[in-house]
Amino acid sequence: MPPNSGWRQVPASAEMREHFGFPTMAHPDDARDWFEGLFGRQPFADEAVTYFRTLRLEVGTLDEPMGGGYWFGDRQLVMVRGTQDEAAVHELAHAWWERRRATERDGLMEVLRSMGAEPPAGFPRIAELAKVYCEGIKTQKDPSSPTGYWRGMLAEDNDHETFAGFCSGVMGDASQLPPQLRRFYKGFLRD
Ligand SMILES: [Zn+2]
C-alpha cells in the first residue's frame, strides 16, 4: 500500500527486511521526524534525547500504530515496525541500558528480586510486573526452558528486558516507579 500521509519510502535496510519482512521503510528523515515527535510527547530526560539523536533510527511504516521493534547494540540501531509509542519507548530503553548495564545490572536484578519477595506498596503496576518477572508464567510454553514454561526475567538473569519492560510497562512515567527502582532510570526519564 502506498504511503498516504506524505511520508517517503526507501528500500528497507537489511535488518528491516530480515526481521519484519518489509521491502521498504520510511525515509530516514521522516523516521527521524517521527522520533522527534515521540521525544516531545514521552517523558524522556534531555540527556537521553541527546543520546537518542546519535543513533540510527528506523521505522517500517508511518501509517500504522503497529507494535514490535528491535535494538541492535552492535549497530547502534533502534528499529520499530510502526508508530506505536509503547514499542519505541521500549526499544529506546534498551538503547539507554546498553551503556549502563555493565556496572548496574546486578543492582537492578537485586531490586527485582526484592520486589518479587516484597511487592512495593503504592506502586501497583510495578508490583504486578515484578511478580511476573520473578515467578514467570506457567501457561506460557517455552521449549528452551528447563521447566517447559517461561520462568521469568529473574531466573533467566535478563537485565535488558527487565529494564525495558518496567519502562514501557509504565510508559516512562517515573512517578510510577518505586524509589529503589527509579534510581536506575535517572538521566533517562524525567523525574
Ligand atoms: Zn525488549
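Numbering (this note's numbering), first residue to last: 21 to 211.
All C-beta atoms, glycine included, are put in the ideal place defined by N, C-alpha and C.
Cross-strand partners of residue i (DSSP beta bridge)
| i | result |
| --- | --- |
| residue 90 | 99 |
| residue 29 | 46 |
| residue 206 | 209 |
| residue 169 | 161 |
| residue 76 | 97 |
| residue 64 | 209 |
Exposure of residue i, with buried meaning 16 or more beta-carbon neighbours within 10 Å
| i | result |
| --- | --- |
| residue 81 | buried |
| residue 25 | exposed |
| residue 195 | exposed |
| residue 137 | exposed |
| residue 171 | buried |
| residue 60 | exposed |
| residue 141 | exposed |
Cut-off 7 Å between Cβ atoms - residues of its own chain near residue i, not counting five sequence neighbours on either side
| i | result |
| --- | --- |
| residue 67 | 207 |
| residue 32 | 42, 43, 44 and 45 |
Contact check, residue i vs residue j, beta carbons under 8 Å
| i | j | result |
| --- | --- | --- |
| residue 111 | residue 89 | yes |
| residue 198 | residue 143 | yes |
| residue 52 | residue 77 | yes |
| residue 173 | residue 205 | no |
Close-in-space but distant-in-sequence residues of the same chain around residue i (CB under 8 Å, 5 per side omitted)
| i | result |
| --- | --- |
| residue 84 | 102 and 103 |
| residue 168 | 161 and 162 |
| residue 35 | 78, 90, 92, 95, 97 and 99 |
Cβ shell of residue i (< 6 Å), same chain only, five flanking positions each side left out
| i | result |
| --- | --- |
| residue 27 | 46, 50 and 82 |
| residue 55 | 77 |
| residue 135 | 150 |
| residue 210 | 63 and 65 |
Meets three-Cβ-pair contact criterion under 8 Å: the region 125–143 and the region 163–182: yes
Segment contact, 8 Å Cβ cut-off, at least three pairs: the region 136–150 with the region 98–106: no
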